[in-house]
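In our numbering, the protein residues as written are 170 to 776. Just so you know, even glycine gets a beta-carbon here, dropped at the ideal spot from N, CA and C.
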Amino acid sequence: MCGIIGYSGRQNPIPILIDGLKKLEYRGYDSAGVAIFSGGDIKRLRVKGKISLLEEKIKQLQLDGSCGLGHTRWATHGVPSEENAHPHRSCGNQIVLVHNGIIENYHLLKERLLAEGHQFESETDSEVIAHLVEKYYAGCLEEAVSRAVQELEGAFAIAVISRDEPGKIVVAKLGPPAVVGFGDGENIVASDVNPLLSYTNKVAFLEDREIAILTPNEIRFTDFTGKPIEKRIEILTWSPLMIEKRGFKHFMLKEIFEQPQVIRETMEGRIKLDKAQVLLDETGLSLSSLKRIKRLVMVACGTSFHAGLLGKYYVETLARIPVEVVYASEYRYHEVIPDGETLAVFISQSGETADTLASLRQVKKLGLSSLAICNVAQSSIARESDGVFYTHAGPEIGVAATKTFSAQLTALFLLAVGLAQLQNNQEERLNLIQAFRKIPWQVEALLGQKEMIDALSARFLHTEHFLYLGRWVNYPIALEGALKLKEISYIHAEAYPGGEMKHGPIALIDEKMPTMAICPQDKVYEKMLSNIMEVKARQGVVIALATQGDESIKKKVDQVIYLPSTHPLLFPFLSLVPLQLFAYCLAARRGADVDQPRNLAKSVTVE
Ligand code: AGP
170 MCGIIGYSGR QNPIPILIDG LKKLEYRGYD SAGVAIFSGG DIKRLRVKGK ISLLEEKIKQ
230 LQLDGSCGLG HTRWATHGVP SEENAHPHRS CGNQIVLVHN GIIENYHLLK ERLLAEGHQF
290 ESETDSEVIA HLVEKYYAGC LEEAVSRAVQ ELEGAFAIAV ISRDEPGKIV VAKLGPPAVV
350 GFGDGENIVA SDVNPLLSYT NKVAFLEDRE IAILTPNEIR FTDFTGKPIE KRIEILTWSP
410 LMIEKRGFKH FMLKEIFEQP QVIRETMEGR IKLDKAQVLL DETGLSLSSL KRIKRLVMVA
470 CGTSFHAGLL GKYYVETLAR IPVEVVYASE YRYHEVIPDG ETLAVFISQS GETADTLASL
530 RQVKKLGLSS LAICNVAQSS IARESDGVFY THAGPEIGVA ATKTFSAQLT ALFLLAVGLA
590 QLQNNQEERL NLIQAFRKIP WQVEALLGQK EMIDALSARF LHTEHFLYLG RWVNYPIALE
650 GALKLKEISY IHAEAYPGGE MKHGPIALID EKMPTMAICP QDKVYEKMLS NIMEVKARQG
710 VVIALATQGD ESIKKKVDQV IYLPSTHPLL FPFLSLVPLQ LFAYCLAARR GADVDQPRNL
770 AKSVTVE
């Protein structure tokens with residue numbers, strides 16, 4: 170998705186804007202640009218391609234000034250090009266802005282503005298906003314923005330400057346996120362907190378239909394009508410260091426290696442080990458309301474959806490509560506029947522995914538209680554849910570979700586244990602929690618297999634297709650492993666429940682179609698072995714993820730990746746690690762842009 174940034178203060182904004190855009194790169198983009206006040210006018214520089222090209226272009230100009238905007242564009246309307254790159258401007262360069270989102274009524278607005286004599290220079294929806302603000306501009310930027318945004322339909326987070334008001338940035342939000350940072354004699358706005366961390370830990374998250382007016386010494390807030398409002402200042406706990414690579418080649422690899430700590434920190438202070446108790450008080454949902462829950466529906470996208478599939482097994486097994494797991498993009502078309510006993514759980518690491526947010530807003534209208542499982546404090550989904558159970562993964566920069574997935578599984582496991590104790594379902598909770606305490610160390614041990622997995626991945630450098638198989642709690646991990654391979658190496662990969670092979674997928678098997686089979690010694694071990702034999706009988710190459718000590722499987726497959734023994738319900742925490750590493754190593758060997766895969770964005774804030 171697009172990234173916006175704005176700075177107003179006592180420093181030259183260019184290095185701050187460029188540094189901030191680099192911290193937004195992970196959101197995915199195809200072009201970039203900046204605009205700053207300089208020499209009594211607004212100077213604009215834009216490129217198609219990476220921020221490094223923009224830096225080269227900037228070096229050729231002597232740009233000074235103390236206020237400016239920056240943008241990374243992920244094309245929605247109009248091809249990736251310099252003309253379509255942001256910042257966009259009005260006719261006389263009077264108004265300049267950056268925009269994240271989609272203006273759904275831009276055609277109508279553009280026709281009207283063209284008829285009124287405005288000259289357009291791009292194919293984008295965003296440019297319409299600049300001309301609309303110009304139309305209403307009469308010397309006060311926030312008033313003009315306030316009038317303009319009331320005519321917009323769709324989603325937008327915009328930052329706007331006017332040539333006549335140097336140093337002022339006006340921000341307006343409806344849908345995509347915008348957060349402002351309070352500095353000392355300088356203030357900053359961005360799409361998320363990462364660009365702010367180097368300048369301040371005091372921030373305020375804009376809600377929908379809010380406007381922020383930034384100058385070097387002040388940030389004021391109003392609603393879309395211009396009525397002043399008060400905003401709470403949040404203190405960030407993330408540090409700038411957390412968003413650096415720290416010696417790893419890619420953020421994704423660093424984040425895979427952070428998983429043991431992330432599991433520990435997400436568990437921290439939430440389990441009373443002696444009593445096998447999990448504390449759900451912090452969710453904000455009363456224990457009495459949680460006790461009344463008779464059904465859960467888990468709503469998410471992508472990797473978070475896979476976490477929900479595993480969460481289903483945890484809640485149904487431990488708390489004996491039925492769970493439905495639905496893609497957020499599909500859930501919006503379900504006939505949701507409010508029954509007062511359903512808890513809707515929205516799983517989203519970014520807390521900004523448009524489909525998940527739209528589903529949350531739909532259930533709120535129907536009166537269902539909602540719980541968010543999010544990684545970003547004060548994100549839209551976290552703020553708008555009745556309760557929130559935060560994961561503590563820290564900022565995840567790689568587009569491919571890894572540590573936030575482990576953190577989601579941890580949160581869902583804890584939720585299941587917490588619900589079980591409310592239902593007085595004592596069954597096997599204690600030994601499960603004891604086993605869970607070892608997971609971070611076992612994951613740590615697994616990370617030591619990276620070199621072996623890297624060597625294994627070399628065998629598949631030119632593979633075009635991969636099949637991932639798992640059964641029971643390992644089927645969601647097969648799905649996640651396939652998604653990882655797809656999204657960062659661009660190799661086609663499909664996941665199936667092992668039992669589905671006979672119903673079609675086995676037709677795919679030949680010597681060119683390798684299979685990754687998750688086959689621990691659990692209750693479906695024998696059945697998974699049968700699947701493996703069926704694949705081998707058709708010349709398929711099989712890599713098996715097996716339980717340490719299972720010597721017999723060696724003779725049946727081409728390669729074994731051994732994992733430590735644990736409670737069968739917890740094996741997914743371990744099996745996901747080699748699958749993440751395999752996808753990472755193969756993608757890196759193929760020279761793919763691992764942290765920013767093509768066409769992908771870290772947070773899909775548009776539908
Ligand atoms: C996973 O690697 C992808 N980045 C993507 O599928 C992601 O999980 C999905 O877009 C959901 O994002 P969210 O957790 O921020 O809602």
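Nearest to residue i (by Cα), restricted to the options the options
i    : options                   : result
G352 : S367, V339, K342 and A576 : S367
H276 : E656, I298 and F742       : I298
H287 : S295, K304, E273 and N274 : K304
D727 : E680, V494 and G563       : E680
H631 : G639, F605, H661 and I687 : H661
V358 : Q618, E399 and H268       : H268
E434 : I327, Q577, A761 and K481 : Q577
G239 : L266, E320 and R489       : L266
K212 : A244, P335, C309 and L193 : P335
Residue i: CB within 6 angstroms of a non-hydrogen atom of the ligand AGP
i    : result
V468 : no
A551 : no
A569 : yes
Q518 : yes
T472 : yes
V545 : no
V494 : no
S772 : yes
T522 : yes
Whole-angstrom distance between residue j and residue i, CA atom to CA atom
i    : j    : result
I187 : E485 : 48 angstroms
L405 : N370 : 5 angstroms
A515 : L738 : A small fix is needed here, since residue 515 is Phe in this sequence, not Ala. Each residue's alpha carbon lies about 22 angstroms from the other.
D392 : V773 : 25 angstroms
Q229 : I412 : 29 angstroms
S295 : E224 : 23 angstroms
L732 : A627 : 21 angstroms
R758 : L748 : 15 angstroms
G136 : I462 : This structure leaves residue 136 out entirely; the chain is present only between 170 and 776.
G709 : P683 : 6 angstroms
A328 : G209 : 19 angstroms
G567 : L449 : 30 angstroms
F605 : E613 : 14 angstroms
Y500 : V468 : 7 angstroms
Neighbourhood of residue i by C-beta distance below 6 angstroms, restricted to the same chain and skipping five residues each side
i    : result
Y483 : L581, F582 and A585
S250 : K217
S259 : A299, H300 and E303
N356 : S177, L383 and I388
T716 : P689, Q690 and S734
Close-in-space but distant-in-sequence residues of the same chain around residue i (CB under 7 angstroms, 5 per side omitted)
i    : result
A756 : I657, S658 and V763
L599 : A445
L454 : S538, L540, D555 and G556
Cβ shell of residue i (< 8 angstroms), same chain only, five flanking positions each side left out
i    : result
K414 : F420 and K423
R242 : C171, Y198, D199, S200, A201, G202, P249, N253, A254 and H255
I402 : F351, K371, V372 and A373
Burial state of residue i (16 or more Cβ within 10 Å)
i    : result
N768 : exposed
P397 : exposed
Q518 : buried
P491 : exposed
N643 : buried
H634 : exposed
W641 : buried
P409 : exposed
E379 : buried
K724 : exposed
D333 : exposed
M436 : buried
D361 : buried
Q319 : exposed
R489 : exposed
G471 : buried
M702 : exposed
Any non-hydrogen atom of the ligand GTP within 6 angstroms of residue i CB
i    : result
E399 : Looking at this structure, you won't find the ligand GTP anywhere; what it does contain is the ligand AGP.
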